[in-house]
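So for the sequence shown, this note's numbering puts the first residue at 96; every next one is plus one.
Just so it is clear, CB atoms sit at the ideal spot from N, CA and C, and this is done for glycine as well.
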Amino acid sequence: MLLFDTEVFARFNLHLSSVVWNLLVNPENGELSRDWQIFFAPMPIILMLQMLFSRWSWQKLRSLERQKWLKSVGLTLTLTFIATHLIYAWADAFVYRPITMQRSNFPLSYPMTARTFLEKQGFIDREEYSQKLEQEGRPDAPKINYPKQPLQFAALTQKPNLLIITISGLRVDAVDNEKMPKLNEFAESATSFTNHYSTGNSNNAGLVGIFYGLNANYTDSILRAHTPSVLIDKLQSEKYRFGLFSAQNFKDSLFRQALFRGLKTTKVNNGNEGAVQAYLSFIAQQNEQQPWFSYVDLDLKGTTEAEYRGALTALDGQLEKLLSATPLNNSMVIITAEHGLSFDAQANKAEENYFGRDMIQVPLFVYWKELPIGHRNELTSHTDILPALMNDIFNTQNPLADYAQGHNLFNLSGDNWVLASNHRWNVIITPDGNQYHIDNKGNYKKFDADYHEQSSSRPPLGLFLDVFKLERRFFDK
96 MLLFDTEVFA RFNLHLSSVV WNLLVNPENG ELSRDWQIFF APMPIILMLQ
146 MLFSRWSWQK LRSLERQKWL KSVGLTLTLT FIATHLIYAW ADAFVYRPIT
196 MQRSNFPLSY PMTARTFLEK QGFIDREEYS QKLEQEGRPD APKINYPKQP
246 LQFAALTQKP NLLIITISGL RVDAVDNEKM PKLNEFAESA TSFTNHYSTG
296 NSNNAGLVGI FYGLNANYTD SILRAHTPSV LIDKLQSEKY RFGLFSAQNF
346 KDSLFRQALF RGLKTTKVNN GNEGAVQAYL SFIAQQNEQQ PWFSYVDLDL
396 KGTTEAEYRG ALTALDGQLE KLLSATPLNN SMVIITAEHG LSFDAQANKA
446 EENYFGRDMI QVPLFVYWKE LPIGHRNELT SHTDILPALM NDIFNTQNPL
496 ADYAQGHNLF NLSGDNWVLA SNHRWNVIIT PDGNQYHIDN KGNYKKFDAD
546 YHEQSSSRPP LGLFLDVFKL ERRFFDK
């Protein structure tokens, strides 16, 4: 069983469970069945060797009991076992990553942690510890290998300006002629992706999808390694002028630890209004001789629908100013959200593991002179944005698999599925809105498009295998 679990963990990063077992032994997948038949072929020989060794050990037991060194070996092994758990407990409490990250490499690894005990004894502070994880990533995050190969580029024939606007909390049903008429007017003059999903239910999770083309499972690894975005690197190498503005002054850890690490950001006051005013000042100083890149991070809040609607009205006015000042003749404008907003999840304090459509289905509008105006109804994800920019704007010669998990947003027939996730759950969304949830322990749930849990004991095999193969592509092995 240990060998079997080791092989399963190496392939899928999951330990054995009833769901995982059903996936592996399902005869519908011929290739996988052949793999496991080959894997199990030597098992009778291994079992026979174990039986022979057991018989020999039993016969030698009496003679071994007379050996003086046996107690010393047993004591050494026992002390070593205890020491490994104590060392890991210390490393976990003080986030010593060279040790904690090894947990992701070993199957059946359940080392001891002692955070609760150390908190009670006053050795660590819970709030300080949580902030450290938020800033630096979880201690057991694997090492990331991104991009997998150095990127090669063809010569650029054009360098359009690039404006990316993210509005944290913008729900997919918020943009219409009644709630946000100005943004809706812009959307009608752009390409609108109507079946678009974020890569997660938090700001960091959504940003990883937009700027890295990766699912949110990589967030902690990116934070730990301070991994830069290939898009930001390319913009810098092409001498773009940067204008970075945030209504909350880039409080999310991904901005400071990785995405805009080492770049100058503008501190603003007055939230959304201050960020927009800073952008207006930036855009007034630009000229046609040098291309520019601007990122504007806006924020929406509201614990009730009435409060949220008022925030939409105020934000719509700010967006009108911003878009009116943007020269569109040689600019690409992308407007989306890191994630949506759920009033129910806020009330129940369950946002961390809530993946309803109101939280993860978000608007996406792209304005570019070379894109047709209209609605695109195919299933798309945040991971599709970066491949489009790198391929269609910056002429990347590498295959997408070297630097992203998505597809080219500007040249796709629709994804068969997209993935939203956090540190615990992987959520597979299909074009009809159904969701298949599987956590890092192999637990499985199914939800319909309205987020009602469905009775389902047998997950779709092919779909899960596709996700498992994709999920760990950029983890260093």
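| Query | Result |
| --- | --- |
| Identity of the residue in K416, K166, L504 nearest E368 by Cα | K416 |
| Residues that DSSP places opposite S287 in a beta bridge | F460, H470 |
| Where the beta strand (DSSP E) through L514 begins and ends | 513-516 |
| P467 and T286 closer than 8 Å at C-beta | yes |
| Same chain, Cβ closer than 7 Å to N299, five either side skipped, listed in chain order | T314, D347, S348, L349 |
| Simplified DSSP state of V428, which is helix, strand or coil | strand |
| Endpoints, the beta strand (DSSP E) within which F542 is located | 539-542 |
| Endpoints, beta strand (DSSP E) assigned at F337 | 336-341 |
| Short Cβ contact (8 Å threshold) for N517 with E447 | yes |
| Complete runs of the alpha helix (DSSP H) confined to the segment 241-305 [at least 4 residues] | 276-283 |
| With 16 other Cβ atoms within 10 Å as the buried cut-off, status of H547 | exposed |
| Whole-Å CB distance - N310 paired with L514, under 8 Å assumed | 5 Å |
| Inter-stretch contact at 8 Å, needing at least 3 Cβ pairs: the segment 487-501 / the segment 302-309 | yes |
| Cβ-Cβ separation, V270 to L258 (assumed contact under 8 Å), whole Å | L258 to V270, Cβ: 17 Å. No contact. |
| Of the residues D328, T421, L414, the one placed nearest R356, counting alpha carbons only | D328 |
| Through-space distance from R519 to P255, alpha-carbon basis | 39 Å |
| Sequence-distant residues of the same chain with beta carbon closer than 6 Å to M600, five excluded per side | The chain is shown only over 96 to 572; residue 600 falls outside these bounds and no answer can be derived. |
| Environment of N472 [buried if 16+ CB atoms lie within 10 Å] | exposed |
| Helix, strand or coil at E548 [DSSP, three-state] | strand |
| For W387: DSSP bridge partner residues | R336 |
| Inter-stretch contact (C-beta, 8 Å, three-pair minimum) for the segment 234-253 and the segment 338-345 | no |
| Contact set for I524: own chain, Cβ-Cβ below 6 Å, skip 5 residues either direction | Y292, V513, Q530 |
| Assigned secondary structure, D534 (DSSP; H/G/I helix, E/B strand, else coil) | strand |
| Secondary structure of V562, DSSP reduced to three states | helix |
| Opening and closing residue of the alpha helix (DSSP H) in which I480 lies | 480-483 |
| N-terminal and C-terminal residue of the beta strand (DSSP E) that V363 is part of | Unbroken run through V363: none, as it is neither H nor E. |
| Euclidean distance between Cα positions of H470 and F460 | 9 Å |
| Inter-residue spacing [alpha-carbon to alpha-carbon] between W387 and F377 | 10 Å |
| Whole-angstrom distance between L330 and P484, CA atom to CA atom | The amino acid at residue 484 is misidentified as Pro; the sequence shows Leu. Using only the alpha carbons, I get a separation of about 11 Å. |
| Sequence-distant residues of its chain with Cβ nearer than 6 Å to P206 (five each side left out) | H180, Y183 |
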